[in-house]
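J.: Handing you a structure now.
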Amino acid sequence: VTVKPWDAITEMDEHNRPIHTFQVCHVMEPNQNNWLRSNWIFREAAQKVYVEMRFTLRDCNSIPWVSGTCKETFNLFYMESDEAHGMKFKPAQYTKIDTIAADESFTQMDLGDRILKLNTEVREVGPVNKKGFYLAFQDIGACIALVSVRVYYKKCPFTFRNLATFPDTIPRVDSSSLVEVRGACVKNAEERDPPKLYCGADGDWLVPLGRCVCSMGYEEVDGSCIACRPGFYKAFAGNIKCSKCPPHSYSYDDGSQLCYCEKGYFRAEKDPPTMACTRPPSPPRNVVFNINETSLFLEWSPPSDTGGRKDLTYNVLCKKCGADQQQCELCGGELRFVPRPQGLINASVTVLDFTAHANYTFEIESQNGVSDMSSFPRPVAAITISTDQGGVSLVGMVQKDWASQNSIALSWQDAEPPSLPVLEYEIKYYEKEHEELSYSSTRTKVPSVIVTGLKPSTAYMFHIRARTPTGFSSYSHKFEFSTGDEGKFSNMAVDQGHVLVIITAAVGGSTLLVILTLFFLITGRTKCIFSGSSDSSTVPFPGIKTYIDPDTYEDPTQAVHEFAKEIDPCRIRIERVIGAGEFGEVCSGRLRIPGKREIPVAIKTLKGGYVDRQRRDFLREASIMGQFDHPNIIRLEGVVTKSRPVMIVVEYMENGSLDSFLRKHDGHFTVIQLVGMLRGIASGMKYLSDMGYVHRDLAARNILVNSNLVCKVSDFGLSRVLEDDPEAAYTTTGGKIPIRWTAPEAIAYRKFSSASDAWSYGIVMWEVMSYGERPYWEMSNQDVILSIEEGYRLPAPMGCPVALHQLMLHCWQKERNHRPKFTDIVSFLDKLIRNPSILITLPESPGDVPDYPMFISIGDWLDSIKMSQYKNNFVAAGFTTLDSVTSMTIEDVRQIGVTLIGHQRRIVSSIQTLRLQLLQAHEKGFHV
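Residue numbering for the sequence shown follows the working numbering, starting at 129 and increasing by one per position.
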């Protein structure tokens, strides 16, 4: 057989453009062997090469007299070599790739009409290992024209993804394996989790994992990290925007990581960079004193300007002066200050063991966390006191001159001629029955006064003191006078010893009465507890405090007064509205507790126009809350029921609800901080469970967070009424509760228990680890119910450690008796906190592929993708471990009995994801 070359021919195409072709058409002669060889082709980085051939081929039937010698195919060969061989050609050295046939062929008629039917065929060559290769085309008797040959290889091109760059990457020859590529963070970015992509055989990037985040001082804009502009800053690495400088601070440069304080303003060492700059406070105001033979009581008002801080304290400096006021010396150790002279939190102090007939000057200084940073002298409030007046009241007998329904006229004489002139008198008065919980005062320069604005037919207590140039004297005895009763007023002083005896007797008798009443109430109510519905939240536990359901009281208002303290509304100062509830507005304010400093509180109000049922439902939550005393349960301060508006007063939680707080601070906390929050919630729920209380509405929206990131369980107003509406699930006094937090047995059979609370706790865990994401996303409630019934469970949130997701899955077990107790949950979280190395995070899931639980059984994996009907098929075929599943192909899936194409695709798709996850897990040292 003679080897012959193809002919190189230039001809015109249908557009009259010259094209170069190689042709051969020796169809009349038998045993043709015509070869065309390419030049040496450099492989570059390719492992697999693609050859695209465009050619025309004539139909043998259109050529007369060629029967038996004409062919309609040609052969494609290749040969690898590390260098060009010049003109040498030995067909035996070449390896056949394929026989190429035409899809369409042309005839003589087509030639007349200049219609050449072009064929395009692509063949793979590889793996290619040497530096280059030749291609060869063999004709064995066809009439063919090779129009073009294009040789190329595929690669995953350079790309940006998640603030990381990924270089050009050549796929592997094996189309079933992927190339893992580690990305490099863009300029001014840093790794949060190692960024990775996988290069597929077709040159497509797959499965993005990890991410980069912009460094401090930079924010993400269109895939780049741009410096914060002047006046803005960013103190933490992350994909958050630059923030405007806090009040009284500035930044002049691009890329600022923090803002500098203005002149006269400071930031304490422990202040976060997000906090406004502050300044030292102004001095205290309105210093007053009360002195007797043994002690001196100093009291003052807070400064008008706290400097913008809450860590306000006071220091008291004492100076002792002689007859000459210019000659003063610091008080020695003879004086005692209760509780102390430095670092006072409350605006008062008691001074003991002072010397009689001496002058003392007390300088009171306000300070906060930045006072030591200021170079300016600290202003003080000073008061000079003479102990000559110690224990002496300058006011003698007080008499009522007349009284009307709203006013009382008083007058008095000085007890003895004063050694110093009286500058003014202060009259302090209050309703007798309120016992000084709320008092008023007025001043006069003469020994008489008309007190107005009083209540009709009401008894008031009055006592008066005088102020001289050295300060106030002691108060007079207390005098009782009444409005609107001219004939029956008394001007006698109340004997303190008699009052003490009367009060003691009254308190003792009242206490005995309360104990007896409670005994009979509890005895009678116990029968009610055991004879009531099995759905009651009251479950008695021997030996520990047990929750008492307010509904077991014949008169629910009695439960309110038994478990909640009544607060005088005069002690409450409402400052602003912070929200709205079903019953009325929710406000923040301050509560003044006698003998203590004011505390911040949240106030729930009952709006006007309510009916008795609404009032009872509103106060029911207070009856429940008042029974709890735990650092992770919201604390009830008291209620206002004897005046309007009716109020429930609870401790104020500065950071609000947990779900909105997490959404606002997405990505700001470490895993250990999040676990600490979860531990606090679990501790509160353990306390409730131990008391026999079932919460029924545990969700992140009902967890409140204070300034120290302490989480507290709240919202105890859940009703037992269950609706048939599947979108509502059941109704509470606080509104409709979504299905997605509720255990299946509670939805279907109203079986609420601590086990159903454990299911809800698992959902709260998912909310916390996903920074407030909505459980089950945008699925309808009906779809949530169906998917849970079919075995679906929420996947691990991005960055969630395996151990925490496993605890979630444990809480979501269908059989409620298999769920963990809150005691076990607290113990488990304590172990995680003590051993943070357990909290190893799985790689993030592919962007468009569902995330499946790791390190679980074949059955659990099939449950998670809703293919549980094939469990027996896998086991019967010998696939009993996750590792064995990862090697399965679609043919294996068909052979074990999965016949539906959609099910085959879903299982194979999940196997690919599972294969990647297990690979990453093995690299981290985990074993299935």
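Positions of the beta carbon are idealized from the N, C-alpha and C atoms, including for glycine.
By Cβ distance below 8 Å, which residues in the same chain neighbour S771 in space, the five residues on each side in sequence not counted?
T.: Stepping through the sequence shown from its first residue, residue 771 is reached at position 643. Once the five neighbours on either side are set aside, the close Cβ partners of S771 are P697.
J.: Between the alpha carbons of G254 and L246, how many angstroms are there, rounded?
T.: By one-based count along the sequence shown, residue 254 stands at place 126. By one-based count along the sequence shown, residue 246 stands at place 118. In a straight line, the C-alpha of G254 is about 26 Å away from that of L246.
J.: Does F1002 come out as helix, strand or coil in the three-state DSSP assignment?
T.: As a first step, residue 1002 must be located in the sequence shown, where it is residue number 874. Helix.
J.: Just the Cα atoms here: how many angstroms apart are S371 and S996?
T.: Taking the first residue of the sequence shown as 1, we reach residue 371 at position 243. Taking the first residue of the sequence shown as 1, we reach residue 996 at position 868. Distance between the alpha carbons of S371 and S996 is about 49 Å.
J.: Just to confirm, are S1058 and D529 a CB contact at a threshold of 9 Å?
T.: Only positions 129 to 1056 of the chain appear in this structure, which leaves residue 1058 out of reach.
J.: With S585 and S610 assumed to form a contact (beta carbons below 8 Å), what rounded beta-carbon distance in angstroms separates them?
T.: Position 457 of the sequence shown holds residue 585. Position 482 of the sequence shown holds residue 610. Going by Cβ atoms, the distance from S585 to S610 rounds to 7 Å, so yes, they are a contact pair.
J.: Contact check, C839 vs W887 under 8 Å by CB: the rounded distance?
T.: Taking the first residue of the sequence shown as 1, we reach residue 839 at position 711. Taking the first residue of the sequence shown as 1, we reach residue 887 at position 759. The Cβ separation is near 19 Å, so there is no contact.
J.: Exposed or buried, which one is V250 when buried takes at least 16 other CB atoms within 10 Å?
T.: Reading the sequence shown from its first residue, position 122 is the one you call residue 250. With fewer than 16 other Cβ atoms within 10 Å, it is exposed.
J.: Could you check which residue in A587, E252 and N418 has the C-alpha nearest to that of Y178?
T.: Here residue 178 is taken as the residue at index 50 of the sequence shown, counted from 1. Comparing Cα-Cα distances from Y178 to each of A587, E252 and N418, the minimum goes to E252.
J.: Let me check understanding here. Comparing Cα to Cα, which of A537, V688 and R300 lies closest to G612?
T.: Along the sequence shown, one-based indexing puts residue 612 at 484. Ranking the options by Cα distance to G612, first place goes to A537.
J.: Just checking my contact of I268 with N161 at CB under 8 Å: how many whole Å lie between their CB atoms?
T.: For the purposes of this step, residue 268 is taken as residue 140 along the sequence shown, with counting starting at 1. For the purposes of this step, residue 161 is taken as residue 33 along the sequence shown, with counting starting at 1. Their Cβ separation, rounded to whole angstroms, is 7 Å, which keeps I268 and N161 in contact under 8 Å.
J.: Spatial neighbours of E703 within its chain, please: C-beta separation below 8 Å, excluding the five flanking residues on both sides.
T.: Against the sequence shown, residue 703 aligns to sequence position 575. C715, S716, G717 and R718.
J.: Compare the Cα-Cα distances from I913 to each of P872, K324 and P759 and report the closest residue.
T.: Walking along the sequence shown from the start, residue 913 turns up at place 785. Closest option to I913, Cα to Cα, is P872.
J.: In chain order, what residues of the same chain lie with their CB nearer than 7 Å to the CB of D1091, ignoring the 5 residues before and after it?
T.: The chain is shown from 129 up to 1056; residue 1091 falls before or after that span and cannot be answered.
J.: DSSP three-state label for F607, please.
T.: Sequence index remark: in the sequence shown, residue 607 carries index 479 (1-based). In this structure, F607 counts as strand in the three-state DSSP scheme.
J.: Pop quiz: F417 and C446 are said to be a contact at Cβ under 8 Å. What is the actual Cβ separation, rounded to whole angstroms?
T.: The residue you call residue 417 lines up with position 289 of the sequence shown. The residue you call residue 446 lines up with position 318 of the sequence shown. Going by Cβ atoms, the distance from F417 to C446 rounds to 12 Å, so no, they are not a contact pair.
J.: Looking only at its chain, what residues have a beta carbon closer than 6 Å to the beta carbon of F1057, apart from the 5 residues adjacent to it on each side?
T.: The question about residue 1057 has no answer here: the residues shown for the chain are numbered 129 through 1056.
J.: What is the C-beta distance between L424 and V415, in whole angstroms, given that I count them as a contact (C-beta under 8 Å)?
T.: Walking along the sequence shown from the start, residue 424 turns up at place 296. Walking along the sequence shown from the start, residue 415 turns up at place 287. Contact flag wrong, Cβ pair sits at about 12 Å.
J.: Who are the Cβ neighbours of L640 in its own chain at under 7 Å, not counting the five residues just before and after it?
T.: Translated into the one-based positions of the sequence shown, residue 640 becomes position 512. The predicted position of L640 is uncertain, since its pLDDT is 45 and thus under 50; a value taken from the coordinates is nonetheless stated next. Contacts found: none.
J.: Have a look at the DSSP bridge pairing and note the partners of W134.
T.: As a first step, residue 134 must be located in the sequence shown, where it is residue number 6. Per DSSP, none; premise fails for W134.
J.: Looking only at its own chain, which residues have a Cβ that is under 8 Å from the Cβ of F648, when we skip the five neighbours before and after it?
T.: The residue you call residue 648 lines up with position 520 of the sequence shown. A caution first: F648 carries a pLDDT of 42, below 50, which makes its placement in the model unreliable, though a value can still be read off. Cβ within range, chain order: n/a, list empty.
J.: Any idea what DSSP makes of L649, helix, strand or coil?
T.: Locating residue 649 in the sequence shown gives position 521, where the first residue counts as 1. Bear in mind that the predicted position of L649 carries a pLDDT of just 42, short of 50, making it unreliable; the figure below should be weighed with that in mind. In the structure shown, L649 sits in a helix (DSSP, three-state: H, G or I).
J.: Where does S965 sit, in a helix, a strand or coil, going by DSSP?
T.: By one-based count along the sequence shown, residue 965 stands at place 837. It is helical.
J.: Alpha carbon to alpha carbon, how far is L937 from Y920?
T.: Within the sequence shown, residue 937 is the residue found at index 809, counting from 1. Within the sequence shown, residue 920 is the residue found at index 792, counting from 1. Spanning the two alpha carbons is a distance of roughly 10 Å.
J.: Let me confirm a value: P409 is counted as buried when at least 16 other C-beta atoms fall within 10 Å, else exposed. Which label applies?
T.: Counted from its first residue, the sequence shown places residue 409 at position 281. Result: buried.
J.: Count the other C-beta atoms from every protein chain shown that fall within 10 angstroms of the C-beta of V349, then say buried if there are 16 or more, exposed otherwise.
T.: Here residue 349 is taken as the residue at index 221 of the sequence shown, counted from 1. So V349 counts as exposed.
J.: What's the call for S276, buried or exposed, on a 16-neighbour Cβ count within 10 Å?
T.: Here the question's residue 276 lines up with position 148 in the sequence shown. Exposed.
J.: Can you list, in chain order, the residues of its chain with a C-beta nearer than 7 Å to that of E208? Leave out the 5 residues immediately preceding and following it.
T.: Here residue 208 corresponds to residue number 80 of the sequence shown, with the count starting at 1. Cβ neighbours of E208 beyond the five flanking positions: V256, N257, K258 and F261.
J.: Taking Q801 as the reference, which of D1011, T441, L967 and T248 has the closest Cα?
T.: As a working note, residue 801 is residue 673 in the sequence shown. Closest by alpha carbon: L967.
J.: Three or more C-beta pairs under 8 Å: does that hold for the stretch 750-760 against the stretch 807-825?
T.: Touching, yes, given that three or more Cβ pairs across the two stretches are closer than 8 Å.
J.: Nearest to G214 by CA position, among K583, L440 and I169, is which residue?
T.: Residue mapping note: residue 214 aligns to position 86 of the sequence shown, counting from 1. Answer by Cα proximity: I169.
J.: Which residues mark the beginning and the end of the alpha helix (DSSP H) in which E749 is found?
T.: Numbered from 1 along the sequence shown, position 621 holds the residue referred to as residue 749. Run containing E749: D740 to M753, per the alpha helix (DSSP H) assignment.
J.: Nearest by alpha-carbon distance to C188: which of I916, V954, K199 and Y488 is it?
T.: Stepping through the sequence shown from its first residue, residue 188 is reached at position 60. Ranking the options by Cα distance to C188, first place goes to K199.
J.: Quick check on the DSSP output: what are the complete beta strand (DSSP E) runs of length 3 or more inside the stretch 465-517, in order along the chain?
T.: Here the runs fully enclosed are 476-480, 487-495 and 508-514.
J.: Contact between the stretch 493-506 and the stretch 389-407: three or more CB pairs below 8 Å?
T.: At 8 Å Cβ cutoff, the stretches touch.
J.: Note down the Cα distance separating F482 from I511, rounded to an integer number of angstroms.
T.: Position 354 of the sequence shown holds residue 482. Position 383 of the sequence shown holds residue 511. Those two C-alpha atoms are separated by around 15 Å.
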